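Residue numbers (this note's numbering): 284 to 715. Here's the structure we're looking at; comments come further down.
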């Protein structure tokens, strides 16, 4: 429970203590079902983190399919994920997001259970397709489920918490997986067990989706449902919206220039460029996760005072400062100054992540509209996939060609490009 003093504004009341018209006194609180959703998301993310960094090694070495076999798995997952998002978006709009999410998490259960017992290419490819379906449907559904559970005034905080639960879960799972397979003599057998554990980790989230769906069906239907064009017509209509189109471009660039760089390029800069050992690289990653966990509540509360489009601009600004701190750490050599600058990098990047999660999804909800949120989420998933596909190879190539300090500055330049697009979005959306 938050130790922050709850003001009248937070409780949804006026300074005199009277609820605003149409607002319940408790309407501003995050309910128990939302917290159950976040707990399920944490467990599911931890299960995925347990094996995700090891999957290419498992398929290539343990199953003997080589690098090409691992590549086919990830290609199958990416293609199926894009198709599932596009198909699942309209279904989430028509029938509610929760059942789409439940199908998605069930597909993840089947995908990783199958991969844990796989022998040969066919079951591995089938697992990749199922995993792609799972991720695509879950991404298309989760935003709609959160908005259904949380009152509008608390949704920005809710989306920050969702981002934190996902990333902390993935980090904890990856750390646990690395420790469990540290002994090479037992890593083969352990890996198969880990995939079954990962599959089981998505069961609680499936159960929460089903509970949400059951409760939604028990409520009276909206007497005035908002009609929406069907299928591709609605996708085209959404893409004709300049603010939404800019938001999707921002999503792709934020993924390419930010999130994928801290995962793929920054470790290379730290290890190869700055001579920091693997333990030190892990420590920087852990510092980022710790800062994200500690700062999400106080910083998220302050970001709620900003218009969403303005808060989104803050994300690449903070990442630009973070990459600048990395460049300064390179110039500082070894010692406490470099350590302090790397802590600053990890913290500034975490602040940018909080700004992103506080702003992006509320903007997506507003610009898509309630009748098309599933489709908007699907388009957002495609933009994210494009960014995560393009970011690592481009970032690694640039850093390899330019060197360490110039590499950090190139990453900062990428963040500046994202700033330009988010500023266009801010102007287009009418933020002041």
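The beta carbon of each residue, even a glycine, is placed where N, CA and C say it ideally should be. Note that the structure is a prediction, hence the values are computed from the model and not measured.
Query                                                                                                                                                                   : Result
Check residue 434 in the structure and name its three-state DSSP category.                                                                                              : coil
Leaving out the 5 sequence neighbours to the left and right, which residues in its chain are closer than 6 Å to residue 493 when beta-carbon positions are compared?    : 385
Select from 539, 520 and 619 the residue whose C-alpha is nearest the C-alpha of residue 676.                                                                           : 539
Given residue 360, which residues of its chain have a CB within under 8 Å of its CB, disregarding the five upstream and five downstream residues?                       : 411, 412, 414, 415 and 418
Do residue 460 and residue 337 have their CB atoms nearer than 8 Å?                                                                                                     : yes
Over the uninterrupted alpha helix (DSSP H) stretch that includes residue 344, give me the two end residues.                                                            : Taken as a continuous stretch (DSSP letters only), residue 344 belongs to no alpha helix (DSSP H), as it is neither H nor E.
Note down the Cα distance separating residue 635 from residue 712, rounded to an integer number of angstroms.                                                           : 21 Å
Mapping DSSP to helix, strand and coil, what is residue 457?                                                                                                            : helix
Please confirm if the region 566 to 574 is in contact with the region 623 to 630, defined as three or more CB-CB distances below 8 Å between the two stretches.         : yes
On a Cα-Cα basis, can you pick out the residue from 637, 423, 390 and 618 that is closest to residue 573?                                                               : 637
Should residue 329 and residue 456 be called a contact, given that it needs their Cβ atoms to be closer than 8 Å?                                                       : yes
Just confirm the distance between the C-beta atoms of residue 695 and residue 607, as a whole number of angstroms; I'd bet it's less than 8 Å.                          : 5 Å
Pick out whichever of 354, 380 and 343 has its Cα sitting closest to the Cα of residue 402.                                                                             : 343
Using the beta-carbon count (16 or more within 10 Å), is residue 619 buried or exposed?                                                                                 : exposed
Pull up the distance between the alpha-carbon of residue 305 and that of residue 436, whole angstroms please.                                                           : Its pLDDT being 37, under 50, residue 305 is placed unreliably in this model, and the value from its coordinates should be taken loosely. Those two C-alpha atoms are separated by around 13 Å.
On a Cα-Cα basis, can you pick out the residue from 400, 571 and 599 that is closest to residue 479?                                                                    : 400
Got a sec? Which residues, its chain only, sit under 6 Å from residue 673 by beta carbon, not counting five neighbours each side?                                       : 539
CA-CA distance, residue 388 and residue 536?                                                                                                                            : 27 Å
For the alpha helix (DSSP H) that residue 580 lies in, which residues bound it at each end?                                                                             : 561 to 586
Would residue 650 and residue 533 qualify as a contact pair, given that the criterion is a beta-carbon distance under 8 Å?                                              : no
Mind checking which residues open and close the alpha helix (DSSP H) that includes residue 644?                                                                         : 619 to 651
Measure the C-alpha to C-alpha separation of residue 604 and residue 690 and round it to an integer number of angstroms.                                                : 14 Å
Is the Cβ-Cβ distance between residue 517 and residue 381 less than 8 Å?                                                                                                : no
Nearest to residue 396 by alpha carbon, out of 432, 541 and 482?                                                                                                        : 482
Taking the alpha helix (DSSP H) that residue 523 belongs to, which residues open and close that run?                                                                    : Premise fails: residue 523 is in no alpha helix (DSSP H) and is neither H nor E.
Output needed for residue 409: all residues of its chain with C-beta closer than 7 Å, excluding positions within five of it in sequence on either side, in chain order. : 397
Rounded to whole angstroms, what's the CA-CA distance from residue 489 to residue 420? Just pull it up for me.                                                          : 12 Å
Check each candidate in 659, 684 and 377 and name the one with the smallest Cα separation from residue 548.                                                             : 684
Please list the terminal residues of the continuous alpha helix (DSSP H) segment that includes residue 548.                                                             : Unbroken run through residue 548: none, as it is neither H nor E.
Looking only at its chain, what residues have a beta carbon closer than 6 Å to the beta carbon of residue 432, apart from the 5 residues adjacent to it on each side?   : 316 and 317
Quick one: measure Cβ to Cβ for residue 375 and residue 427, integer angstroms, because I've assumed they're closer than 8 Å.                                           : 5 Å
Whole-angstrom Cβ separation of residue 521 and residue 655, contact assumed at under 8 Å?                                                                              : 6 Å
Spatial neighbours of residue 578 within its chain, please: C-beta separation below 7 Å, excluding the five flanking residues on both sides.                            : 633, 634 and 637
For residue 678, tell me which candidate among 444, 529, 550 and 441 has the shortest Cα-Cα distance.                                                                   : 550
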